[in-house]
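Peer 1: Handing you this structure, nothing more for now.
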Amino acid sequence: LIPGEPASGAAVGEALRVGAAGCLPRTADNPAWVRAAVDRVLALRKLRREKEDLRRQLERHATEDALTGLPNKREFDRRLAAEFNRSDRIATPLCVMLLDLDRFQAVQETYGKEIGDRILVRIADVLQSQLRPYDVRSRLEMDQFGLLLPAMDVSLARAVAERVRKAIERSEIDHQGGRIGVTASLG
24 LIPGEPASGA AVGEALRVGA AGCLPRTADN PAWVRAAVDR VLALRKLRRE KEDLRRQLER
84 HATEDALTGL PNKREFDRRL AAEFNRSDRI ATPLCVMLLD LDRFQAVQET YGKEIGDRIL
144 VRIADVLQSQ LRPYDVRSRL EMDQFGLLLP AMDVSLARAV AERVRKAIER SEIDHQGGRI
204 GVTASLG
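Per our numbering, the sequence shown starts with residue 24, numbered consecutively.
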């Protein structure tokens, strides 16, 4: 904003409120000074964008499991409280399901952490493909996952659990010419 006349405080305040980045007086006829002022404004905008990007990254790291990309336990707990309140408020069922990989520790000890990590990522993919888009799937601990199934009654949740269990059983990964799989218990 470069006013033609000396700008009043109110005019400058209004200009800043609607998006002006700063105010240069009309008497600022030194091109180097004007350029330096513009560069400061541009640098400030860049810093604000970087700060917002870092804030988003920090929030993602605080709520997302780095390996699977699923929400972590903290986010699961937050969403459980929200879904519970929503379910109570609108009088619809909410099913909460815990999934535990059977003998996962033995698989990791036999084949190593890298294979264990690949299996966990595969399980996350299975959960993404087998549940509704608005169902919540989270990695709670090493080999434990939590599922929130809003607006689903117990009989349908049992059928979903069986479908997920079978899909996990079929989801093997390749390793040195062989296949490695796991099974899961849900309840």
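Where a beta carbon is used, it is the ideal one built from N, C-alpha and C, also for glycine.
With DSSP collapsed to three states, give me the class of Gly201.
Peer 2: Strand, per DSSP.
Peer 1: According to DSSP, is Ala59 helix, strand or coil?
Peer 2: DSSP places Ala59 in helix when its eight states are reduced to three.
Peer 1: From Ala33, Ala105, Gln167 and Ala60, pick the residue whose C-alpha is nearest to that of Leu93; which is it?
Peer 2: For Leu93, the nearest C-alpha among the options comes from Gln167.
Peer 1: Are the CB atoms of Ile196 and Arg160 within a distance shorter than 7 Å?
Peer 2: Cβ atoms of Arg160 and Ile196: not closer than 7 Å.
Peer 1: Residues in its own chain within less than 8 Å of Ser194 by CB, not counting five upstream and five downstream?
Peer 2: If we look at Ser194 and ignore the five residues flanking it on each side, its Cβ neighbours are Arg145, Ile146, Asp148, Val149 and Gly204.
Peer 1: With H, G and I counted as helix, E and B as strand and the rest as coil, what does DSSP make of Glu87?
Peer 2: Strand at Glu87.
Peer 1: Which runs of the beta strand (DSSP E) fall wholly inside the region 161–197 and span at least 3 residues, in chain order?
Peer 2: You should have 167–173.
Peer 1: Starting from Thr206, follow its DSSP beta bridges and name the residues at the other end.
Peer 2: For Thr206, which the question treats as bridged, DSSP gives the partners Asp125.
Peer 1: Quick one: does the C-beta of Ala55 sit closer than 6 Å to a heavy atom of the ligand GTP?
Peer 2: This structure does not include the ligand GTP; it has no bound ligands of any sort.
Peer 1: Alpha helix (DSSP H) containing Ala104: first to last residue?
Peer 2: Counting along the chain, the alpha helix (DSSP H) containing Ala104 begins and ends at Lys96 to Ile113.
Peer 1: Please report how far the alpha carbon of Arg40 lies from the alpha carbon of Arg181, in whole angstroms.
Peer 2: For Arg40 and Arg181, the distance between alpha carbons rounds to 55 Å.
Peer 1: Using DSSP with H/G/I as helix, E/B as strand and the rest coil, what is Gly42?
Peer 2: Reduced to three states, the DSSP call for Gly42 is coil.
Peer 1: When you compare the CB positions of Thr115 and Arg162, do they come within less than 7 Å of one another, or not?
Peer 2: For Thr115 and Arg162, no; Cβs fall outside 7 Å.
Peer 1: Ser178: which of Met120, Gly169, Gly139 and Asp100 sits nearest, CA to CA?
Peer 2: When each option's Cα is compared against that of Ser178, the closest is Met120.
Peer 1: Mind checking Ile113: buried by the 16 CB within 10 Å criterion, or exposed?
Peer 2: Classification of Ile113: exposed, given that the 10 Å Cβ count is below 16.
Peer 1: Report the partner residues of Val159 according to the DSSP bridge assignment.
Peer 2: Partner(s): Leu171.
Peer 1: Helix, strand or coil: which one does DSSP assign to Leu154?
Peer 2: Coil at Leu154, not helix or strand.
Peer 1: So for Asp93, helix, strand or coil by DSSP?
Peer 2: One detail in the question is off: residue 93 reads as Leu in this sequence, not Asp. DSSP places Leu93 in coil when its eight states are reduced to three.
Peer 1: Roughly how many angstroms separate the alpha carbons of Arg188 and Glu82, rounded to a whole number?
Peer 2: The straight-line gap from Cα to Cα measures roughly 31 Å.
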